[in-house]
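Here the structure is laid out as structure tokens; the discussion comes afterwards.
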Amino acid sequence: GAGVSQSPRYKVAKRGQDVALRCDPISGHVSLFWYQQALGQGPEFLTYFQNEAQLDKSGLPSDRFFAERPEGSVSTLKIQRTQQEDSAVYLCASSLGLGRGPPPDTQYFGPGTRLTVL
Amino acid sequence: GNSVTQMEGPVTLSEEAFLTINCTYTATGYPSLFWYVQYPGEGLQLLLKATKADDKGSNKGFEATYRKETTSFHLEKGSVQVSDSAVYFCALFGSARQLTFGSGTQLTVLP
Chain R
1 GAGVSQSPRY
11 KVAKRGQDVA
21 LRCDPISGHV
31 SLFWYQQALG
41 QGPEFLTYFQ
51 NEAQLDKSGL
61 PSDRFFAERP
71 EGSVSTLKIQ
81 RTQQEDSAVY
91 LCASSLGLGR
101 GPPPDTQYFG
111 PGTRLTVL
Chain H
1001 GNSVTQMEGP
1011 VTLSEEAFLT
1021 INCTYTATGY
1031 PSLFWYVQYP
1041 GEGLQLLLKA
1051 TKADDKGSNK
1061 GFEATYRKET
1071 TSFHLEKGSV
1081 QVSDSAVYFC
1091 ALFGSARQLT
1101 FGSGTQLTVL
1111 P
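So the sequence lines, in the order shown, correspond to chains R and H. Under my numbering, think of the first position of the first sequence as 1, with each following residue one higher. Under my numbering, think of the first position of the second sequence as 1001, with each following residue one higher.
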């Protein structure tokens, strides 16, 4: 597709369940970002990949959060033992990649996955 | 660390009114500044950007000027339309190589 896609669009989990959120970036985009957006707030940075390398995971709120991008394309954000405070919209964004094109690269966002933890 | 403070909403205007949404930032170094827009049911879209001081970003009738002396990037539009109703986010991209967003301003334009 032409844009960033995310699945599922909505996810309801019971507290304690594990969830996996998928992001398909724009083809050829080297950089991939995950953000968390709480209700009524702006997105907050979680983690960043350049190809398959996770270069920054400083925004991950706890060790229950894990992200991977094993082949440098699709990425998965996994949350283990979900808690109510994990309820938010999880946004994925991709960009061409640092050093390619005029800096900073424009980040293109997907529609997000709305996670509700009951 | 980096931070962005933007005008709290919601903002309600009549069609053809003048719009200003204030945004100020705190950052080390020389960040790039952005306005993103989120229409109902859609993802974030880049509206405009400015990469250095005194640059003016513009798109779809919206403008914002990067003012280093006041650390501001206020969004303006001379005549808003109903279709401009959305949430607007100011953001910066700094040395940490990640976007830092403000909390968003909900704009509603009435016919």
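Beta carbons: idealized from backbone N, C-alpha and C, even for Gly. Small disclaimer: the values here were computed from a predicted structure and weren't measured.
Can you tell me where the beta strand (DSSP E) holding Gly-1057/H begins and where it ends? Secondary structure note for Gly-1057/H: its beta strand (DSSP E) is the uninterrupted segment 1056-1059.
Per-residue burial, Pro-1010/H [other beta carbons within 10 Å of its own, 16 or more giving buried]: Exposed: under 16 other Cβ atoms inside 10 Å.
I need the straight-line Cα distance from Gln-50/R to Gln-83/R, nearest angstrom please. The alpha-carbon atoms of Gln-50/R and Gln-83/R are separated by roughly 29 angstroms.
Residues that Leu-91/R contacts on chain H, provided the C-beta gap is smaller than 8 angstroms: Close partners of Leu-91/R in chain H (Cβ separation under 8 angstroms): Gly-1043 and Leu-1044.
I think Gly-1057/H touches Phe-109/R, with their Cβ atoms under 8 angstroms apart; what is that distance to the nearest whole Å? Between Gly-1057/H and Phe-109/R, the beta carbon gap of about 18 angstroms keeps them out of contact (Cβ cut-off 8 angstroms).
Chain-order list of residues whose beta-carbon lies under 7 angstroms from that of Ala-38/R (same chain, five-residue window excluded): By the criterion of a C-beta distance shorter than 7 angstroms, Ala-38/R is surrounded in its chain by Ala-88, once the five residues flanking it on both sides are discounted.
Paired residues, beta bridge with Tyr-1039/H - DSSP: None; Tyr-1039/H has no bridge partner.
Can you tell me whether Gln-107/R is buried or exposed, with buried defined as 16 or more other CB within 10 angstroms of its CB? The residue in question, Gln-107/R, is buried, as its Cβ has 16 or more Cβ neighbours within 10 Å.
8 angstroms contact criterion, which Phe-1101/H and Val-1004/H should meet: CB distance rounded: The distance from the Cβ of Phe-1101/H to that of Val-1004/H is about 6 angstroms, consistent with a contact at the 8 angstroms cut-off.
Under three-state DSSP, which class holds Asp-63/R? Asp-63/R falls in the coil class under three-state DSSP.
Reduced DSSP secondary structure (H/G/I, E/B, other) of Ser-1083/H: In the displayed model, Ser-1083/H falls within a helix according to three-state DSSP.
Applying the criterion that 16 or more other CB atoms from any shown protein chain within 10 Å of the CB defines a buried residue, is Arg-69/R buried or exposed? Burial is judged here by how many other beta carbons sit within 10 angstroms of a residue's own beta carbon; Arg-69/R has at least 16 and is buried.
Buried or exposed: which applies to Gly-42/R, given that a residue is buried once 16 or more other Cβ atoms fall within 10 Å of its Cβ? Flag for Gly-42/R reads buried.
With a threshold of 16 other CB atoms inside 10 Å of the CB of Leu-46/R, please say whether the residue is buried or exposed. Classification for Leu-46/R: buried.
In the DSSP output, what is Thr-1026/H paired with across the bridge? BP columns for Thr-1026/H point to Ser-1003/H.
Distance CB(Phe-1034/H)-CB(Ala-1091/H) smaller than 7 angstroms: The Cβ atoms of Phe-1034/H and Ala-1091/H sit closer than 7 angstroms to each other.
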